Amino acid sequence: MSDLSKTPSFLDYAPAPESTSILHLKKSYGLFIDGEFVKGHGAPFLTISPSSEQKIAEIANANSRDVDVAVAAARKAYDRTWSRMSGADRGKYLFRIARLVQERARELAVAESLDNGKPIKESRDVDVPLVAAWFFYYAGWADKLDYAGLGPNPKALGVAAQVIPWNFPLLMLAWKVAPALAAGNTVVIKPAETTSLSAMIFAEILQQADLPAGVVNIITGAGDTGEALVNHPDVNKVAFTGSTAVGRAIAKSTAGSGKKLTLELGGKAANIVFDDAPIDQAIEGIVNGIFFNQGHVCCAGSRLLVQENVHDEVVDRLKSRLGTLRLGDPLDKNTDIGAINSREQLDRVRELSDIGEAEGAVRWSAPCVIPDKGFWFAPTIFTNVSTSSRIARDEIFGPVLAVLTFRTPGEAIAKANNTPYGLSAGIWSDKGSKILAVADKLRAGVIWANTFNRFDPASPFGGYKESGFGREGGRHGLAAYLESAGWGSGK
Amino acid sequence: MNALPGINVVTSGRAIVSTALAPAERALGVLGGDLTERSLRLHLEGLPGVDAVGLEERAAALGTRSIKTTSKAWALNTIIRLIDLTTLEGADTPGKVSSLVAKALTPDPNDASVPRVAAVCVYGDMVPAAVTALGAAHGDPDAGLVSVAAVATAFPSGRASLRVKLADTEDAVAAGADEIDMVIDRGAFLAGNYGLVFDQIVAVKDSCRRADGTFAHLKVILETGELNTYDNVRKASWLSILAGGDFIKTSTGKVTPAATLPVTLLMLEVVRDWYRLTGERIGVKPAGGIRTSKDAIKYLVTVAETVGEHWLQPHLFRFGASSLLNDVLLQRQKLTTGRYSGPDYVTVD
Chain A
1 MSDLSKTPSF LDYAPAPEST SILHLKKSYG LFIDGEFVKG HGAPFLTISP SSEQKIAEIA
61 NANSRDVDVA VAAARKAYDR TWSRMSGADR GKYLFRIARL VQERARELAV AESLDNGKPI
121 KESRDVDVPL VAAWFFYYAG WADKLDYAGL GPNPKALGVA AQVIPWNFPL LMLAWKVAPA
181 LAAGNTVVIK PAETTSLSAM IFAEILQQAD LPAGVVNIIT GAGDTGEALV NHPDVNKVAF
241 TGSTAVGRAI AKSTAGSGKK LTLELGGKAA NIVFDDAPID QAIEGIVNGI FFNQGHVCCA
301 GSRLLVQENV HDEVVDRLKS RLGTLRLGDP LDKNTDIGAI NSREQLDRVR ELSDIGEAEG
361 AVRWSAPCVI PDKGFWFAPT IFTNVSTSSR IARDEIFGPV LAVLTFRTPG EAIAKANNTP
421 YGLSAGIWSD KGSKILAVAD KLRAGVIWAN TFNRFDPASP FGGYKESGFG REGGRHGLAA
481 YLESAGWGSG K
Chain B
492 MNALPGINVV TSGRAIVSTA LAPAERALGV LGGDLTERSL RLHLEGLPGV DAVGLEERAA
552 ALGTRSIKTT SKAWALNTII RLIDLTTLEG ADTPGKVSSL VAKALTPDPN DASVPRVAAV
612 CVYGDMVPAA VTALGAAHGD PDAGLVSVAA VATAFPSGRA SLRVKLADTE DAVAAGADEI
672 DMVIDRGAFL AGNYGLVFDQ IVAVKDSCRR ADGTFAHLKV ILETGELNTY DNVRKASWLS
732 ILAGGDFIKT STGKVTPAAT LPVTLLMLEV VRDWYRLTGE RIGVKPAGGI RTSKDAIKYL
792 VTVAETVGEH WLQPHLFRFG ASSLLNDVLL QRQKLTTGRY SGPDYVTVD
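If you read the sequences in order, they're chains A and B. Numbering-wise (the working numbering), the first sequence opens with residue 1 and increments by one. Numbering-wise (the working numbering), the second sequence opens with residue 492 and increments by one.
Given below as structure tokens:
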């Protein structure tokens with residue numbers, strides 16, 4: 001709205017930065033193996049803040065020797081301690097971790113925003129509370145595995161190798177670690193190279209919780225570290241969240257190894273807005289769907305499918321709304337859009353956006369001041385996008401929305417499903433019967449109705465097609481870390 | 492009685508539903524020449540729905556804005572400038588009203604930099620007392636003066652004949668009220684008699700006409716706590732604007748819940764949509780239940796981020812409140828002196 005652009009003063013809210021004084025960071029972090037921080041044998045690397053490009057800390061790099069040590073520690077902890085412990089006792093540790101996460105919530109949120117670039121309001125109100133919720137939820141399952149629907153006395157798999165992405169560093173760790181431990185497995189986990197910081201604070205929490213040594217081992221490093229980990233012969237389970245290309249490589253390399261595998265990969269979700277949608281809430285849902293966490297969300301609603309008769313109105317309202325988004329310092333409590341996580345990712349977002357423009361789509365970016373330092377990309381929407389355009393097909397993983405139109409529910413369904421991915425989808429309509437009928441025909445693991453990007457530990461999450469297989473969260477998430485009596489070798 | 496062509500006259504409790512509604516300029520502009528009960532109904536029922544969960548989430552998100560230092564100082568002064576300082580009790584007396592007026596003119600006797608409130612809001616029979624007490628300070632709040640707002644139309648229930656409602660309004664205007672806070676007939680609205688509600692607003696608006704042809708400002712109270720659903724609030728907001736209201740106001744303050752942030756956000760969205768459609772700016776007044784600076788700042792944020800900062804002036808946004816002012820004064824003292832005082836450092840009125 002024009003009033004918003006011309007007014008100075010009040011809407012330029014005075015800075016309200018969250019203090020970093022709560023953080024007590026070390027200058028360098030080792031690998032967390034067998035309950036201790038130890039040196040890595042690869043060349044250490046720096047982790048920087050993507051909003052300022054300032055160095056935060058030095059992070060150890062695990063080579064294959066370190067991976068061997070970590071897997072051996074997890075094996076020992078599995079054989080001697082964790083697999084022999086009662087479910088109730090495992091639950092006690094998980095409850096303790098959940099409470100410690102809550103106690104140190106502000107510290108974790110600040111670390112996450114500093115290292116990842118996401119706005120503090122998201123790390124504070126979404127990421128960290130969900131981390132605690134995940135541990136609380138799976139803590140409750142630890143002594144009730146008989147009721148997980150897998151038959152009596154389901155067995156843990158053993159050592160789980162887990163590789164997680166940079167978009168929700170601590171939350172993805174929780175999604176992986178909580179169900180694995182509840183089910184009785186031990187873990188070697190590798191955070192993403194650019195976002196290891198919150199995992200290091202989490203390691204301190206594990207020490208505080210007195211978790212038996214070796215039950216969770218956290219090794220840092222880049223792609224080769226992850227490759228060594230998932231290919232390690234003494235690993236029973238591999239869980240990966242990240243890009244489809246890497247997921248495909250992991251599927252190949254683990255094939256025939258007997259390792260159980262779950263993959264949570266990319267997405268290109270359709271967010272379908274019908275002409276009978278609650279319009280103001282739909283606009284909020286579109287914004288939340290694609291600009292939450294700068295669009296670094298595998299289930300982001302990156303394809304807006306809007307019914308043609310309301311297209312102009314929706315786009316118009318959307319632009320007005322985007323004009324009120326505040327891009328800037330991730331630690332400011334009023335920031336809506338933070339920094340892009342890395343230069344590499346920024347380059348990719350720029351490249352795909354340029355391709356979009358070259359292919360004839362009309363580009364519009366919110367008028368916001370881009371800071372001098374750091375990696376930033378203004379919230380952007382593309383209209384006049386055709387279904388064959390690359391920005392309508394490739395996962396951009398950034399704050400870029402492709403707007404397409406449809407005329408009938410049938411066409412909406414066909415276009416929504418016309419993607420190699422199938423992680424999530426959204427439907428906006430005030431008509432319940434329409435929502436149910438459309439949801440029934442969408443090939444996506446998660447379908448939101450009149451909302452978007454809502455997560456709950458009790459709800460299974462995962463994809464169809466190239467978005468991966470296996471489910472995380474809920475009872476289904478346990479099945480990924482258990483062998484039922486009727487399955488497998490029963491070793 | 493002051494019957495206008497096309498106005499429904501309520502006789503013995505039963506509404507005579509007209510087919511042609513009272514002429515209202517705005518409604519004619521938007522609905523076209525065919526202004527009937529049916530066209531009004533079709534318009535209201537064609538409005539997009541409101542998703543309650545989404546609306547409340549958005550309001551909660553706006554409530555998390557962190558307003559500090561210079562922004563907070565500006566916000567506190569702005570809140571004061573937007574307050575309709577209110578007393579609506581059976582026990583109101585001229586003495587009580589003149590003490591309220593004194594507070595309106597000099598909110599903090601120790602600090603001359605505190606702005607005046609926008610208006611005092613009283614029952615119709617207290618208007619002369621308010622006008623007398625204000626003296627030369629009586630006038631347009633946009634010019635730094637203080638208005639007199641009177642509740643009318645059988646406030647708060649609105650359960651009276653149209654004749655009584657119009658007389659109530661005319662008396663208040665004749666006594667010098669600058670603003671009339673009317674209530675809609677919620678019973679008629681809930682029964683689906685949109686035309687009746689519409690006609691009454693048009694009639695009251697007409698009764699706001701002064702001898703010189705100007706109009707007292709009309710605030711239309713929806714009493715959202717009785718309308719109950721957000722869809723109803725959106726319909727009633729449109730209805731009130733179409734019928735000629737200058738302001739839409741949430742509540743009488745006599746029904747719980749009174750103003751809430753989601754309801755106010757929704758009404759602001761209607762006002763924004765009206766502006767997009769016609770270029771005309773309608774005011775919004777949340778009333779009742781806003782007691783702390785912290786809450787009031789959430790409303791300012793909601794206004795600024797929904798319709799724009801431009802709306803934060805007395806002829807477009809008001810707080811209907813009585814105890815809010817003292818909390819703002821305490822916060823203001825804290826900001827100037829760096830320490831909190833206590834309730835004895837602000838005056839009771």
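From the three backbone atoms N, C-alpha and C, an ideal C-beta is built for every residue, glycine too. Remember, it's a predicted structure, so these values are computed and weren't measured experimentally.
The C-beta distance from histidine 806 (chain B) to glycine 774 (chain B) rounds to 6 Å, short enough to meet the 8 Å contact threshold. For the stretch 772-802 of chain B, the continuous beta strand (DSSP E) assignments of 3+ residues that do not extend past its boundaries occur at 774-776, in sequence order. Looking only at B:Ser698, B:Ala621, B:Lys789 and B:Val837, the smallest Cα-Cα distance to glutamine 822 (chain B) is reached by B:Val837. For the pair of segments examined, the stretch 84-92 of chain A was found not to touch the stretch 282-295 of chain A: the number of CB pairs separated by less than 8 Å stays below three. For leucine 522 (chain B), same chain residues with a beta-carbon under 8 Å away, outside a window of 5 residues either side, are Ser530, Leu531, His534 and Leu733 in chain order.
Neighbours of phenylalanine 291 (chain A) in chain B, taken as residues whose beta carbon is under 9 Å from its own, are absent, since the nearest beta carbon is some 13 Å off. Of all residues in the stretch 527-548 of chain B, only Pro539, Gly540, Val541, Asp542, Val544, Gly545, Leu546 and Glu548 place a beta-carbon less than 8 Å from a beta-carbon of chain A. A direct Cα-to-Cα measurement between leucine 261 (chain A) and serine 728 (chain B) gives close to 56 Å.
DSSP places serine 589 (chain B) inside the alpha helix (DSSP H), whose first and last residues are 585-596. Residue environment: glutamine 307 (chain A) is assigned as buried (16 or more neighbouring CB atoms within 10 Å of its CB, all protein chains considered).
When only Cα atoms are considered, glycine 554 (chain B) and valine 792 (chain B) end up about 8 Å apart. By the CB criterion at 7 Å, glycine 445 (chain A) and glycine 473 (chain A) fall outside the cutoff. If you draw a straight line from the Cα of isoleucine 427 (chain A) to the Cα of alanine 439 (chain A), it is about 8 Å long.
When DSSP states are grouped into helix, strand and coil, glutamine 54 (chain A) belongs to the coil group. Take the alpha-carbon of alanine 222 (chain A) and the one of serine 784 (chain B): they are about 50 Å apart. Secondary structure remark: continuous beta strand (DSSP E) runs of at least 3 residues inside the stretch 207-254 of chain A, in chain order: 216-218 and 237-241. For isoleucine 447 (chain A), the CB contacts under 6 Å within the same chain, skipping 5 residues up- and downstream, are Ala425 and Ala439 in chain order.
For the alpha helix (DSSP H) assignment, the uninterrupted runs of no fewer than 4 residues enclosed by the stretch 329-396 of chain A are, from N- to C-terminal side, 343-358. Per DSSP, the continuous alpha helix (DSSP H) segment holding leucine 130 (chain A) begins and ends at 128-141. Counting only Cβ-Cβ distances below 7 Å, glycine 285 (chain A) has contacts in chain B at Gly545, in chain order. A distance below 7 Å separates the beta carbons of proline 753 (chain B) and alanine 550 (chain B). Taking 8 Å as the upper bound for CB-CB distance, tryptophan 134 (chain A) and alanine 182 (chain A) are not in contact here, some 10 Å apart.
DSSP, read as helix, strand or coil, puts histidine 806 (chain B) in coil.
Secondary structure in the stretch 78-112 of chain A: the alpha helix (DSSP H) runs of 4 residues or longer, each lying completely within the stretch, are 87-103 in chain order. In this structure, the beta-carbon distance from lysine 333 (chain A) to alanine 16 (chain A) falls below 7 Å. With respect to the 7 Å criterion, aspartate 662 (chain B) and threonine 644 (chain B) are not classified as neighbours on the basis of their beta carbons. The stretch 812-822 of chain B and the stretch 672-683 of chain B do not touch, with fewer than 3 CB-CB distances between them shorter than 8 Å. By the Cβ-count criterion, leucine 768 (chain B) is exposed, with fewer than 16 other Cβ atoms from all chains shown falling within 10 Å of its own Cβ. Residue contact with chain B for aspartate 280 (chain A): present (Cβ-Cβ distance below 7 Å to some residue of chain B).
For leucine 150 (chain A), the number of other beta carbons within 10 angstroms of its own is at least 16, and it is reported as buried. When rounded, the separation of the alpha-carbon atoms in alanine 694 (chain B) and alanine 515 (chain B) is 10 Å. Per DSSP, the unbroken beta strand (DSSP E) holding asparagine 271 (chain A) starts and ends at 270-273. With fewer than three CB-CB distances shorter than 8 Å, the stretch 349-364 of chain A does not count as touching the stretch 247-254 of chain A. DSSP places proline 17 (chain A) within a strand segment (E or B) once states are collapsed to three.
For the stretch 555-587 of chain B, the set of positions with a beta-carbon nearer than 8 Å to some beta-carbon of chain A reads Thr555, Arg556, Ser557, Ile558, Lys559, Thr560, Thr561, Ser562, Lys563, Trp565, Ala566 and Thr569 in chain order. The beta carbon of lysine 333 (chain A) falls within 7 Å of a beta carbon belonging to chain B, placing the residue at that interface.
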